[in-house]
Amino acid sequence: MNFVKFLKPNLTLPLISSVRNINYKFPMPTKNLKEQLEEKKVFNPLLDFKVDISLPPPPPNVSKKEKKERIMYLKKRKSDEILEAKANKLEIDFDLDEVRADWLKDDGPEHIKRLAEHFQIFDHLFGDAYFTPYVIMDIFHPQKNEELVAPVYWGNIVKPDEAFIKPQVKFKSDPNELWTLSLVCPDGHLTIQNGEYIHWLVGNIPGGEVGKGEEIWDYLPPFPPRGVGYLRYIFVLYKQEKKIDFSSLKNKLPRLELSDRNFNTLNFYKERQDELTPAGLSFFQSDWDKTSRKVFHEILNMEEPIFEYDHVPKPLKKQKPFPNKEPFNL
Numbered sequence: 009m010n011f012v013k014f015l016k017p018n019l020t021l022p023l024i025s026s027v028r029n030i031n032y033k034f035p036m037p038t039k040n041l042k043e044q045l046e047e048k049k050v051f052n053p054l055l056d057f058k059v060d061i062s063l064p065p066p067p068p069n070v071s072k073k074e075k076k077e078r079i080m081y082l083k084k085r086k087s088d089e090i091l092e093a094k095a096n097k098l099e100i101d102f103d104l105d106e107v108r109a110d111w112l113k114d115d116g117p118e119h120i121k122r123l124a125e126h127f128q129i130f131d132h133l134f135g136d137a138y139f140t141p142y143v144i145m146d147i148f149h150p151q152k153n154e155e156l157v158a159p160v161y162w163g164n165i166v167k168p169d170e171a172f173i174k175p176q177v178k179f180k181s182d183p184n185e186l187w188t189l190s191l192v193c194p195d196g197h198l199t200i201q202n203g204e205y206i207h208w209l210v211g212n213i214p215g216g217e218v219g220k221g222e223e224i225w226d227y228l229p230p231f232p233p234r235g236v237g238y239l240r241y242i243f244v245l246y247k248q249e250k251k252i253d254f255s256s257l258k259n260k261l262p263r264l265e266l267s268d269r270n271f272n273t274l275n276f277y278k279e280r281q282d283e284l285t286p287a288g289l290s291f292f293q294s295d296w297d298k299t300s301r302k303v304f305h306e307i308l309n310m311e312e313p314i315f316e317y318d319h320v321p322k323p324l325k326k327q328k329p330f331p332n333k334e335p336f337n338l
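Position 102 of the sequence shown, counted from 1, bears residue number 110 in our numbering, the numbering being contiguous throughout.
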C-alpha cells in the first residue's frame, strides 16, 4: 500500500537528512606552509631589496626579427613527423659543443644566476647583492691519470680526491684586462659561525692567464669534515678596473695555518667595490673522503674532526609487574 495516497494534497513532508550529517561542517580550505610563511613575512620595500652588481650586459646576439624566425623554425621542426620518428629511434645526431655554445650566448648566464639563487650563493656571499655571470669559466682539476680531468660546472659533485690538484681555469678576455679569481667555502667553518675559508685567491690576472697572476693565497684542497654532508666550493671571478695592491692581504706562502684561511667575501668586495666587479661564477659540491684526512694530517698538521648527529634518547616508562589499564599515548 502506498502511504502517499492517504496524505492531504497540500501537505508537505519535511526533508530529513541523515542523522550523522546534521551537525557536520565542511572544513575550510587551509593554506600551505609556503603561503603561511609569506603571510608572516613583513615586506619593507626600503629594506628588502636586492642590488644588482653585475657587469653591463653584452649586446644581444640576435635581433627581434631573428628571434621570431627562430621561433617559427622551432615550431615547424616540432610538427615534422619524419623528424619526430627519427628522434624516437635516437637516429638524430647533435653537435653538443655547438648546443652548449649557443646556450651560453643566449640564456646561459641567466640560468646560471638562477642556479646560484637556488643554492643561496648570493645570500651567503654577497648578502643583499647579486650578479649575472656574463663571463663563463672553463674549470677542471687535473687527475693523477693525465687522460682524465674533473670539471667544475654549477653544482656538480667533485670529491676531495678529484679536487686535490690545483684547477686550471680558462675564460675569454682581452689582453689588457685584469681579473681576480677566488675560491671560497662558506660552509663547515670549524670556529666561526657562518664563516668562510679561502682556498685560493689570485689577483691582477693579465688577459685571462691565471698562471701569470699574483697569488695571495695558495691553493688549499677541499677538506669537508666527516659527518657534515656536502659543502659548497665557489669560484668567483672579478673584473678589475685597474691594478690592485693586495699587500694588506699577502703573507708568506705557503699559508698552512687554518686560522690564516678565514675570509669574508662581502667585506673583501666592499673594500674594493670601486675596483672590482663580479663577472663569473662556477661552483661544485663535495663531501668527505679519505683525502680530507690527508689534508688535515699532512697539509694543515692538525687532527681530523669527526662529527655525528647526537640523537635525543627516547623516553621510556618504567616497567610495572602488573600495570593497570591506561591510554597508550600518555
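Positions of the beta carbon are idealized from the N, C-alpha and C atoms, including for glycine.
Original post:
For Y138, which of helix, strand or coil comes out of DSSP?
Top reply: The answer is strand: DSSP assigns Y138 an E or B state.
Original post:
Which of helix, strand or coil does DSSP assign to D282?
Top reply: coil
Original post:
Does DSSP put V143 in a helix, in a strand, or in coil?
Top reply: Of the three classes helix, strand and coil, the one that applies to V143 here is coil, per DSSP.
Subject >> Cβ-Cβ distance between E223 and V210 below 8 Å >> reply: In this structure, V210 lies closer than 8 Å to E223 by Cβ.
**OP:** Less than 8 Å between the CB atoms is what I'm expecting for G221 and S181, so what's the real figure, rounded?
**Re:** The pair is not a contact, with the Cβ atoms about 12 Å apart (cut-off 8 Å).
Original post:
What residue does the beta strand (DSSP E) around P159 start on, and which one ends it?
Top reply: 157-160
Subject >> beta strand (DSSP E) runs wholly inside the stretch 32-99, at least 3 long, in chain order >> reply: Runs found: none.
Original post:
Out of M145, N259, I129, which has the shortest C-alpha to C-alpha gap to F139?
Top reply: F139 has its Cα closest to that of I129, out of M145, N259, I129.
Original post:
Once you ignore the five residues that flank F172 on each side, which residues in its own chain have a CB closer than 7 Å to its CB?
Top reply: P229, T299
**OP:** Can you have a look at R240 and say buried or exposed, based on whether 16 or more other CB atoms are within 10 angstroms of its CB?
**Re:** buried
Original post:
Can you name, in chain order, every residue of its own chain whose Cβ lies under 8 Å from the Cβ of P117, other than the five neighbours on each side?
Top reply: T140, P141, Y142, I144
**OP:** List the residues that DSSP assigns as beta-bridge partners of K178.
**Re:** D146
Subject >> Backbone secondary structure at E204 - three-state DSSP >> reply: strand
Subject >> Integer Cβ distance of I242 from F291, believed to fall under 8 Å >> reply: 4 Å
Original post:
For D268, which of P323, Y205, R280 has the nearest alpha-carbon?
Top reply: Y205
Original post:
I think W187 touches Y246, with their Cβ atoms under 8 Å apart; what is that distance to the nearest whole Å?
Top reply: 7 Å
Original post:
Assuming D114 and N69 make a contact with CB atoms under 8 Å, what is their CB distance in whole Å?
Top reply: 6 Å
Original post:
D226 and P168: beta carbons closer than 8 Å?
Top reply: Cβ atoms of D226 and P168: not closer than 8 Å.
Original post:
Do the stretch 249-261 and the stretch 325-335 touch if we need at least three Cβ pairs shorter than 8 Å?
Top reply: no
Subject >> Reference A137, options F304, N309, Q281, closest by Cα >> reply: Q281
**OP:** List the DSSP bridge partners of R240.
**Re:** Q293
**OP:** Compute the distance between the beta-carbons of I147 and P183, then report whether it is under 8 Å.
**Re:** no
Original post:
Can the beta-carbon of P150 be found less than 8 Å from the beta-carbon of V157?
Top reply: yes
**OP:** Would you mind giving the Cβ-Cβ distance between F304 and F231, rounded to the nearest angstrom? I have them listed as a contact below 8 Å.
**Re:** Their Cβ separation, rounded to whole angstroms, is 6 Å, which keeps F304 and F231 in contact under 8 Å.
Subject >> Which of helix, strand or coil DSSP assigns to S190 >> reply: Look at S190 here: in three-state DSSP terms it is strand.
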